[in-house]
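**Student:** One structure coming up, written as structure tokens, with questions to follow.
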Amino acid sequence: MTSLWPQIEPVLAHVAKPARYIGCEDGALPPGPLTGRVSWLLIYPDAYEVGLPNQGLQILYEILNERDDARAERAYSPWGDMETEMRRRGIPLFSLESHHPAGDFDILAFNLSAELVYTNLLNSLDLAGVPVRAERRGEEHPLVVAGGHCTFNPEPLADFVDLFVIGDGEEVVGELTEAVRDWKAAPRTAGSRTNLLRHLSTVPGVYVPSCYRVEYDGPRLVAVTPRYPETPARVEKRTIADLGAWPYPKQQLVPLTEVVHDRLNIEIFRGCTRGCRFCQAGMITRPVRERPQEQVLEMAKAGLARTGYDEISLTSLSSADYSGIAPTVTSIIEDPACHGQVSLSLPSLRVDAFTVGVASQIQKVRRTGLTFAPEAGTWRMRQVINKLIREEDLYGAVESAFSQGWRRVKLYFLTGLPTETDEDTLGIAELARTCAAIGKQHHRGASITASVGGFVPKPQTPFQWFGQSTVEMLAHRVGLLRQATKTDKGVQLRWHDPRASLAEGIASRGDRRIGAVVEEVWRKGGTFQEWSEHFDLDLWTGAMEAQGLSVDWYVHRHRDRDEVLPWAHISAGLHEDFLWQEWQDALAAAVTEDCRWTPCYDCGACTGYGLEHVVASNVPPAGGSQGTGQDLSRGAEVPVHLRPRIPAGARQ
Ligand code: SF4
Numbered sequence: 004m005t006s007l008w009p010q011i012e013p014v015l016a017h018v019a020k021p022a023r024y025i026g027c028e029d030g031a032l033p034p035g036p037l038t039g040r041v042s043w044l045l046i047y048p049d050a051y052e053v054g055l056p057n058q059g060l061q062i063l064y065e066i067l068n069e070r071d072d073a074r075a076e077r078a079y080s081p082w083g084d085m086e087t088e089m090r091r092r093g094i095p096l097f098s099l100e101s102h103h104p105a106g107d108f109d110i111l112a113f114n115l116s117a118e119l120v121y122t123n124l125l126n127s128l129d130l131a132g133v134p135v136r137a138e139r140r141g142e143e144h145p146l147v148v149a150g151g152h153c154t155f156n157p158e159p160l161a162d163f164v165d166l167f168v169i170g171d172g173e174e175v176v177g178e179l180t181e182a183v184r185d186w187k188a189a190p191r192t193a194g195s196r197t198n199l200l201r202h203l204s205t206v207p208g209v210y211v212p213s214c215y216r217v218e219y220d221g222p223r224l225v226a227v228t229p230r231y232p233e234t235p236a237r238v239e240k241r242t243i244a245d246l247g248a249w250p251y252p253k254q255q256l257v258p259l260t261e262v263v264h265d266r267l268n269i270e271i272f273r274g275c276t277r278g279c280r281f282c283q284a285g286m287i288t289r290p291v292r293e294r295p296q297e298q299v300l301e302m303a304k305a306g307l308a309r310t311g312y313d314e315i316s317l318t319s320l321s322s323a324d325y326s327g328i329a330p331t332v333t334s335i336i337e338d339p340a341c342h343g344q345v346s347l348s349l350p351s352l353r354v355d356a357f358t359v360g361v362a363s364q365i366q367k368v369r370r371t372g373l374t375f376a377p378e379a380g381t382w383r384m385r386q387v388i389n390k391l392i393r394e395e396d397l398y399g400a401v402e403s404a405f406s407q408g409w410r411r412v413k414l415y416f417l418t419g420l421p422t423e424t425d426e427d428t429l430g431i432a433e434l435a436r437t438c439a440a441i442g443k444q445h446h447r448g449a450s451i452t453a454s455v456g457g458f459v460p461k462p463q464t465p466f467q468w469f470g471q472s473t474v475e476m477l478a479h480r481v482g483l484l485r486q487a488t489k490t491d492k493g494v495q496l497r498w499h500d501p502r503a504s505l506a507e508g509i510a511s512r513g514d515r516r517i518g519a520v521v522e523e524v525w526r527k528g529g530t531f532q533e534w535s536e537h538f539d540l541d542l543w544t545g546a547m548e549a550q551g552l553s554v555d556w557y558v559h560r561h562r563d564r565d566e567v568l569p570w571a572h573i574s575a576g577l578h579e580d581f582l583w584q585e586w587q588d589a590l591a592a593a594v595t596e597d598c599r600w601t602p603c604y605d606c607g608a609c610t611g612y613g614l615e616h617v618v619a620s621n622v623p624p625a626g627g628s629q630g631t632g633q634d635l636s637r638g639a640e641v642p643v644h645l646r647p648r649i650p651a652g653a654r655q
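With the first letter of the sequence shown counted as 1, position 82 gets the number 85 in our numbering; the numbers rise by one all the way through.
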């Protein structure tokens with residue numbers, strides 16, 4: 004088992020940011036042999052500075068390395084200059100800790116958090132010297148595993164990945180380690196890899212694509228069915244019930260070079276019940292599981308003492324919804340161990356004055372900018388997407404922010420949403436303009452940045468049946484906004500490239516046939532497609548054409564209720580009835596309240612698993628909105644359409 008360091012070191016003088024390839028971060032495992040344990044290479048298929056802070060990867064890295072029978076190292080996608088040198092000199096993909104060749108590991112495990120990294124997964128396998136297609140791998144090759152949010156539709160990568168982990172990985176990585184440990188101990192015979200995969204297909208939360216048969220009728224998918232009697236017809240996601248039992252990472256990695264989110268990150272809860280209909284993360288991570296407040300404080304103190312960071316981010320999908328957010332913030336700021344000099348950040352702010360109050364408590368010094376996400380420009384549109392922010396909520400939050408010293412507020416919006424009209428789009432400009440006017444009352448230089456992304460419908464959400472807007476339509480809407488804001492000095496408009504939304508749309512709701520498209524894009528050089536300087540839509544549309552697949556069919560077509568969706572055999576725990584009802588309600592602009600503070604309406608996320616929301620403090624956040632239920636009681640002049648509730652356990 005050799006280290007490739009003697010070959011790697013001379014290359015580093017010729018590439019940008021060599022720190023990407025050396026490891027040695029504080030918190031990293033020292034170099035060591037891979038023998039005698041099940042060896043995992045955890046790969047984030049994007050640049051080091053994007054992948055290093057990923058909490059999911061760091062959590063599994065520690066959990067595996069605490070085991071006696073496993074060793075986990077890490078790798079990231081080498082940037083283009085490094086890849087060129089590696090291919091020229093015959094250096095394969097390597098791990099950062101020991102610089103072992105990736106092909107020497109038992110398991111190559113990828114974290115998939117965005118569809119446009121799919122081609123980087125193929126490139127990583129190729130750089131590792133591992134056949135990119137699963138069917139060409141033999142007994143001597145590593146197992147290729149993938150986890151992360153994108154696995155809730157695994158089909159576009161089904162031809163390349165041996166097995167997917169659906170849902171939380173904390174427990175399942177141990178089960179996989181034990182199965183592979185036993186497999187390694189047994190004689191390696193022809194067919195033993197297939198037998199291992201058949202066995203792994205019975206592990207809850209594990210999806211092995213080669214154990215399923217796919218049938219089509221022309222362009223339509225007819226069925227995805229198990230090949231073997233022991234393989235389940237539907238793979239249910241894994242959910243850890245108690246986040247407090249998993250206080251990871253305990254040894255957050257501290258990089259030697261600049262990375263995104265370079266601060267102490269503490270996950271305060273998992274899951275979200277606000278019910279935004281476009282949000283895949285909110286749907287697939289239910290139910291809410293909060294980390295105990297005292298554990299958050301302990302992790303903050305220990306993490307600061309160890310890392311030397313002076314900034315903590317309390318992460319989640321909606322951090323101000325943490326039931327103990329105010330006392331937790333106060334306890335961190337006032338704790339002597341935090342030296343009174345720590346700056347805190349809440350990455351996902353709720354739109355209300357209470358949240359701004361919390362933000363003002365934690366950003367006493369650097370009031371650079373605040374970000375809110377109203378997502379749509381009109382109340383009607385926000386009812387459709389179930390993002391129940393009233394204009395007065397937004398204006399109140401913005402007023403509060405500017406009056407407390409902030410100079411810049413950023414607003415996130417989506418365009419191309421179901422039922423959206425030009426009037427809804429122009430509502431974005433109106434909201435931004437009014438917010439800027441509020442800001443000008445406090446500072447002459449106050450500004451609003453309106454950031455607009457093209458909506459891509461995601462699997463396992465109520466909008467999974469919606470036909471995505473075309474590039475032309477998205478460009479038209481961006482054009483409307485550019486025109487509407489061009490004379491507003493206080494409003495800066497930013498927009499996401501609509502062409503990238505189309506490529507994301509191809510990959511996000513594709514079936515297994517899209518795998519050939521991903522492969523062709525990669526073979527034609529299409530890596531780092533998340534990066535605007537590398538993104539090339541022609542590669543995607545050209546590959547669709549070459550495979551005889553219609554962009555319109557895969558991306559822009561509305562789906563029927565009875566259509567077999569490519570991810571129908573993967574369960575995020577949500578009843579299909581619930582998702583369909585939510586889609587119908589969206590079309591009628593009827594809203595669904597946050598079940599965290601109101602009775603359960605049986606979406607399936609808790610009832611199917613015998614779980615309940617785990618809330619650290621059983622009182623709603625003090626001093627402000629306790630969620631959508633209370634929000635809805637205000638502003639009675641605006642009609643709110645609520646539908647009758649379906650009680651817990653009523654759906655099957
Ligand atoms: S099962 Fe009920 S309580 Fe749990 S997330 Fe769904 S609606 Fe909310």
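Every residue gets a Cβ at the ideal spot worked out from N, C-alpha and C, and that includes glycine. Here the structure is a predicted model, which is why all the values come from computation and not from measurement.
Who pairs with G170 in a beta bridge, going by DSSP?
**Tutor:** G170 pairs with R241.
**Student:** Where does F458 fall in DSSP's three states?
**Tutor:** It is coil, neither helix nor strand.
**Student:** Which residues share a DSSP beta bridge with W498?
**Tutor:** W498 pairs with V455.
**Student:** Can you name the start and end residues of the alpha helix (DSSP H) that F405 belongs to?
**Tutor:** Per DSSP, F405 belongs to the alpha helix (DSSP H) from 394-406.
**Student:** Can you pull the DSSP bridge partners for N268?
**Tutor:** In DSSP, N268 forms a bridge with S316.
**Student:** Among D84, P207, S42, which has the Cα closest to the Cα of I573?
**Tutor:** Here the closest residue by C-alpha is P207.
**Student:** Report the residue from G457, F469, G30, A73 whose alpha carbon sits nearest the alpha carbon of E585.
**Tutor:** Looking at the Cα atoms, F469 is the closest of the given residues.
**Student:** Taking Y312 as the reference, give the member of C598, L320, T318, A303 with the closest Cα.
**Tutor:** Cα-wise, what sits closest to Y312 is A303.
**Student:** Could you give the distance in angstroms between the alpha-carbon of A105 and the alpha-carbon of G170?
**Tutor:** Between A105 and G170, the C-alpha separation is close to 25 Å.
**Student:** Compute every distance between the C-beta of D605 and the non-hydrogen atoms of ligand 1, then say whether any falls below 8 Å.
**Tutor:** Because some heavy atom of ligand 1 lies under 8 Å away, the Cβ of D605 counts as near it: yes.
**Student:** Which one of L349, D565, E394 has the shortest CA to CA distance from L224?
**Tutor:** The residue with the shortest Cα to Cα distance from L224 is D565.
**Student:** I think V520 touches W534, with their Cβ atoms under 8 Å apart; what is that distance to the nearest whole Å?
**Tutor:** About 19 Å separates the two Cβ atoms, so there is no contact after all.
**Student:** Where does H17 land, buried or exposed, given buried means 16+ other C-beta within 10 angstroms?
**Tutor:** Flag for H17 reads exposed.
**Student:** Is the beta carbon of L60 closer than 9 Å to that of I110?
**Tutor:** Not a contact, by the Cβ cut-off of 9 Å.
**Student:** Measure how close the beta-carbons of G278 and P290 come, nearest whole angstrom, since I'm counting them as under 8 Å.
**Tutor:** Their Cβ separation, rounded to whole angstroms, is 12 Å, which puts G278 and P290 out of contact at 8 Å.
**Student:** According to DSSP, simplified to helix, strand and coil, what is P159?
**Tutor:** DSSP places P159 in helix when its eight states are reduced to three.
**Student:** Ligand 1 heavy atoms versus the CB of C598: any closer than 8 Å?
**Tutor:** Yes, the Cβ of C598 comes within 8 Å of a heavy atom of ligand 1.
**Student:** Go through the stretch 99-170 residue by residue and report every complete run of the alpha helix (DSSP H) that reaches 4 residues or more, in order.
**Tutor:** Counting only runs of 4 or more, we get 121-131.
**Student:** Taking C-alpha atoms, which residue in R383, F538, Y64, P222 lies nearest to G172?
**Tutor:** Per the Cα distances, Y64.
**Student:** For P9, is the beta carbon positioned less than 8 Å from some heavy atom of ligand 1?
**Tutor:** No, Cβ of P9 sits at least 8 Å from all heavy atoms of ligand 1.
**Student:** Looking only at DSSP bridge pairs, what is T418 linked to?
**Tutor:** BP columns for T418 point to G457.
**Student:** Excluding five sequence neighbours on each side, which residues of the same chain lie with their C-beta closer than 7 Å to the C-beta of E174?
**Tutor:** Hits under 7 Å: R241, I243.
**Student:** When DSSP labels each residue in this structure, what does T333 get in the three-state scheme?
**Tutor:** Helix, per DSSP.
**Student:** Which one or two residues does DSSP pair with W43 in a beta bridge?
**Tutor:** Looking at the DSSP assignment, W43 forms a beta bridge with A75, I110.
**Student:** Determine, using beta carbons only, whether I431 and Y251 come nearer to each other than 9 Å.
**Tutor:** For I431 and Y251, no; Cβs fall outside 9 Å.
**Student:** When you compare only the Cα positions, how much space is there between D491 and L373?
**Tutor:** Near 20 Å, if we compare the C-alpha coordinates of L373 and D491.
**Student:** Would L414 and A453 qualify as a contact pair, given that the criterion is a beta-carbon distance under 9 Å?
**Tutor:** Taking 9 Å as the Cβ cut-off, L414 and A453 qualify as a contacting pair.
**Student:** Any heavy atom of ligand 1 closer than 8 Å to the beta-carbon of E279?
**Tutor:** According to the sequence displayed, residue 279 carries Cys and not Glu. No - ligand 1 has no heavy atom lying nearer than 8 Å to the Cβ of C279.
**Student:** Please indicate yes or no: does the CB of R292 lie closer than 8 Å to some heavy atom of ligand 1?
**Tutor:** Outside the cutoff, so no.
**Student:** Give the range of the beta strand (DSSP E) segment to which F375 is assigned.
**Tutor:** 373-378 is the span of the beta strand (DSSP E), which, as asked, contains F375.
**Student:** Counting C-beta neighbours from all protein chains within 10 Å, is the total for R237 16 or more, i.e. buried, or is it exposed?
**Tutor:** It counts as exposed.
**Student:** Can you tell which of R393, P9, V263 has its C-alpha closest to the C-alpha of H103?
**Tutor:** For the residues R393, P9, V263, the minimum Cα distance to H103 belongs to P9.
**Student:** Quick check: the stretch 154-169 against the stretch 46-54, are there 3 or more CB pairs under 8 Å?
**Tutor:** Because the criterion of three Cβ pairs below 8 Å is not met, the stretch 154-169 and the stretch 46-54 do not touch.
**Student:** In angstroms, rounded to a whole number, what distance separates the CA positions of T197 and V354?
**Tutor:** Taking the straight line joining both Cα atoms gives about 51 Å.
**Student:** Take H446 and list the residues in its own chain whose beta-carbon comes closer than 6 Å to its own, dropping the five residues that flank it on each side.
**Tutor:** These residues qualify, in order along the chain: R410.
**Student:** Assign V412 to buried or exposed, taking buried as 16 or more other Cβ atoms, counted over all protein chains shown, within 10 Å of its Cβ.
**Tutor:** V412 is buried by the Cβ-count criterion.
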